[in-house]
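Student: Structure provided below as structure tokens; questions to follow.
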Amino acid sequence: MNGRIRRIQERRCSASMGLFLFRREWWRGSGRKMEGLKIGLVSTALGFFGFGVGLTVGAVVGYYLFIRTQPSDVEDPKICAHVENDPEFLERILPEIPLWVKYPDYDRVGWLNKFMELMWPYLNEAICKTAIQSVEPIIAEVAAKYKIKSVKFETFTLGSLPPSLHGMKVYVSEENELIMEPSLKWAGNPNIVVVARAYGLRLTVQVVDLQIFALPRLTLKPLVPSFPCFANIYMGLMEKPHVDFGVKLSRADLMAIPGLYIFVQETIKDQVANMFLWPKTLEVPILDVSKALKKPVGILHVKVIRAYELPKKDLFGKSDPYVKLRLSDHKLPSKKTSVKRRNLEPEWNEEFKFVIKDPESQVVELNVYDWEQVGRHEKIGMNVIKLNEVIPNKSSTLTLDLLKGVDIPSENSQGQIVVEVNYKPFKEEDEVEDEIEDEVDHESSEDEVADKEEKTPKSAPPGGGLLIVIIHEGKKLEGKNHINPYARVTFRGEKKKTKHKKHNRDPRWKEEFLFVCEEPPVHDKVLVEVFSKALGIGIHYSKESLGYVTVDLADVVNNKRTNEMYHLIDSKNGQIQVELLWNS
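Okay, here's the thing in structure tokens:
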């Protein structure tokens, strides 16, 4: 019983002790909370007080520093032109100075950049199509060589960012050409994906983030009177270009490989420089030069031999026939044979020469007339010689029926005409060089070759040819009474002259004169005289000489072409540009 009472008392004591400890801990926690609350209230109060004091103090200090103490006599900032600053300062403030700012001979081409920006979507598509058509045959040939099943462009676009030109330099020369040097910078976003399949594998190569900085030289020559007014484009680089791009092979960045990026860049620079670094150029043909310029390509020899069974045209007697020859698409007057009096089967045996510019389309018209002393000459008949049916370098005799018109047969026979034709096309420069090399190879010793070169010009052909004299322009011509200049060309007694230009000290003629030669004019000269034509009548209105120049043709035959600006003799400052060409 006592033991039970003792246990009950111990339990009550334990419960009382636990309640006491709980109450003590609770009061301690409540005390800590009260202390934290007091500290928070004090901190908040001090914060608001400090913000108010700080704002007030800052406003007062700022007022005195920036407003109260501001001087009343403020000087304007110094403004000066960029040219007064040193180059280092300009490079510092303008890291990408356009070339038209640095160099006065470069022109601004902002209008061209605007044009390219508007046209770029269409240019992009056109350039990509042209590039694919040009590159695919080459890729196919290489793929077949290395037994690759196929190589195709999956995607080919130059992106949405067009190239920009930071200036352009234009050169003026005496040649028939236009030279431009644009400064090209292009940071584009192209996407070119090439897919190759070989041995059951599929490999994808992607080119992205292309950057090109280059200084190309574009030469448009020769300038021609047919749209787009130039026959060829020659493209070269004046310095090694900067080329930067990214290459992904099956989505893996190859340029991340250490050392590969620099190696690829330098290799591309060296390869591009070897192909296009000036004076090496890339030629892009636009027009056929011979057709665009209508250059002479050969000489046609026509010999009028005789005519048969001509009809009687005169009332009392026979006919008085003669033949008139005219080359189509030719501005020069027709050529005539002599008149055979009272003859229905005349024999002429007269030879004529025509300079041919387009043998595929040109024809020679043969018109037979009956000469009349009074009145209009009566036409007997005609026919044509089609040059595309004439075999080059082969003499052939043709018997032609005289017709009423081209492909219009006469009701009655008008007779026949017999002619001998021989078309001799000019040799290309490469063919001439090959013949010269062959001749030199067949010589037995160097001494004999040297002796032969001294006696005969290297490129002098054994036969005749065509001398072309082009009078381009005159400069600073001076006359005592008037300036209405024209030029007169004299060669072997034959004289031809240009049109006269009214009141012009710097005339531009651009006129061409042709002289057919039986042999190379190695020892001949061409005389070019400039006169001023009088436009009125009086003592001061006579023809006046403005100067002359004599050109030796030996260099023309040797070099095939010369183009020089000559100072006129008997003129203080006058000059004339003469171009000479020799075709054999």
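Quick note: the sequence shown uses this note's numbering, first residue -14, plus one each step. All C-beta atoms in this analysis are idealised placements derived from N, C-alpha and C, irrespective of residue type, glycine included.
With DSSP collapsed to three states, give me the class of Pro306.
Tutor: strand
Student: Buried or exposed for Asp432, please, with buried defined as at least 16 other CB atoms from any protein chain shown within 10 angstroms of its CB.
Tutor: In this prediction, Asp432 scores a pLDDT of 43, lower than 50, which makes its location untrustworthy; no coordinate-derived value is stated.
Student: Alpha carbon to alpha carbon, what distance is there between Phe100 and Leu499?
Tutor: 43 Å
Student: Would you mind sorting Lys132 into buried or exposed? The rule is 16 or more other CB atoms within 10 Å of its CB.
Tutor: By the neighbour-count criterion, in which a residue is buried when 16 or more other Cβ atoms sit within 10 angstroms of its Cβ, Lys132 is exposed.
Student: Looking at the unbroken beta strand (DSSP E) that takes in Phe337, where does it start and where does it end?
Tutor: Segment 332 to 341, the beta strand (DSSP E) holding Phe337.
Student: Buried or exposed: where does His457 fall if 16 or more other Cβ atoms within 10 Å of its Cβ makes it buried?
Tutor: buried
Student: Report the option in Arg182, Glu336, Ala539, Ala199 whose CA atom is closest to the CA atom of Glu166.
Tutor: Nearest of Arg182, Glu336, Ala539, Ala199 to Glu166, Cα basis: Ala199.
Student: Residue range of the beta strand (DSSP E) that Trp171 falls in?
Tutor: Start and end: 163 to 172.
Student: Counting along the chain, where does the alpha helix (DSSP H) carrying Pro122 start and finish?
Tutor: 95 to 130
Student: Does the distance from the CB of Glu357 to the CB of Val289 come in under 8 Å?
Tutor: no
Student: Determine the direct distance from the alpha carbon of Tyr354 to that of Lys325, and round the result to whole angstroms.
Tutor: 11 Å
Student: Just mark Val612 as buried or exposed, buried being the case when its beta carbon has 16 or more other beta carbons within 10 Å.
Tutor: This structure leaves residue 612 out entirely; the chain is present only between -14 and 569.
Student: Please state if the CB of Pro331 and the CB of Pro306 are separated by a distance shorter than 8 Å.
Tutor: yes
Student: Which partner residues does Trp85 have in the DSSP bridge list?
Tutor: Answer is none; Trp85 lacks a bridge partner.
Student: Could you pull out every residue in the same chain whose Cβ sits closer than 6 Å to the Cβ of Pro344, ignoring the five residues on either side in sequence?
Tutor: Leu372
Student: Tell me whether Cys502 is buried or exposed, calling it buried when 16 or more other Cβ atoms sit within 10 Å of its Cβ.
Tutor: The residue is buried, with at least 16 neighbouring Cβ atoms inside 10 Å.
Student: CA-CA distance, Gly283 and Arg311?
Tutor: Rounded to the nearest whole angstrom, the C-alpha separation of Gly283 and Arg311 is 16 Å.
Student: Taking Glu564 as part of the beta strand (DSSP E), name the residues at either end of that continuous run.
Tutor: 560 to 568
Student: Among Val534, Lys557, Val541, Trp567, which residue has its Cα nearest to the Cα of Tyr551?
Tutor: Measuring from the Cα of Tyr551, the nearest candidate turns out to be Val534.
Student: Which value, in whole angstroms, describes the spacing of the CA atoms of Pro442 and Tyr107?
Tutor: Low per-residue confidence applies at Pro442: pLDDT is 40, beneath 50, and the placement is therefore not dependable, though the value from the model is reported in the following sentence. Approximately 54 Å, taken between the alpha carbons.
Student: Thr382 lies in the alpha helix (DSSP H); which residues open and close that run?
Tutor: Note, Thr382: premise wrong, no alpha helix (DSSP H); beta strand (DSSP E) at 381 to 386.
Student: Going by alpha carbons, who is nearest to Thr382 out of Lys480, Gln399, Val403, Val507?
Tutor: Closest option to Thr382, Cα to Cα, is Val403.
Student: Could you tell me whether the Cβ atoms of Leu565 and Val507 are closer together than 8 Å?
Tutor: Contact flag unset, no.
Student: Using CA atoms only, rank isn't needed, just tell me which of Phe212, Leu452, Glu463, Leu222 is closest to Pro201.
Tutor: Leu222
Student: Within a Cβ cutoff of 8 Å, which residues of the same chain sit near Glu529, ignoring the five residues on either side of it in sequence?
Tutor: Gly464, Lys465, Asn466, His467, Phe516, Ser517, Ala519
Student: With a 10 Å radius around its C-beta and 16 neighbouring C-beta atoms as the bar for buried, classify Leu186 as buried or exposed.
Tutor: Result: exposed.
Student: When the Cα of Leu203 is compared with those of Arg236, Phe230, Leu262, Asn543, which residue comes out closest?
Tutor: Leu262
Student: Which term fits Phe339, buried or exposed, when burial requires 16 or more other beta carbons within 10 angstroms of its beta carbon?
Tutor: buried
Student: Name, in chain order, the residues that DSSP records as bridge partners for Met153.
Tutor: Asp92, Pro167
Student: How long is the line joining the alpha carbons of Lys495 and Glu251, rounded to whole angstroms?
Tutor: 47 Å
Student: Provide the residue span of the beta strand (DSSP E) that contains Pro292, from first to last.
Tutor: At residue 292 the sequence reads Ala, which differs from the Pro that was named. Per DSSP, Ala292 belongs to the beta strand (DSSP E) from 283 to 293.
Student: I need the DSSP call for Glu374, collapsed to helix, strand or coil.
Tutor: Secondary structure at Glu374: helix, using DSSP grouped into helix, strand and coil.
Student: Pairing CB atoms from the segment 154 to 165 with CB atoms from the segment 113 to 130, are three or more of them under 8 Å?
Tutor: no
Student: How long is the line joining the alpha carbons of Glu103 and Ile218, rounded to whole angstroms?
Tutor: Sequence check: residue 103 is Leu here, not Glu. Approximately 24 Å between the Cα atoms of the pair.
Student: So, with DSSP's three-state summary, where would you put Ala519?
Tutor: coil
Student: For Val513 and Ser556, what's the separation of their Cα atoms in angstroms?
Tutor: 13 Å
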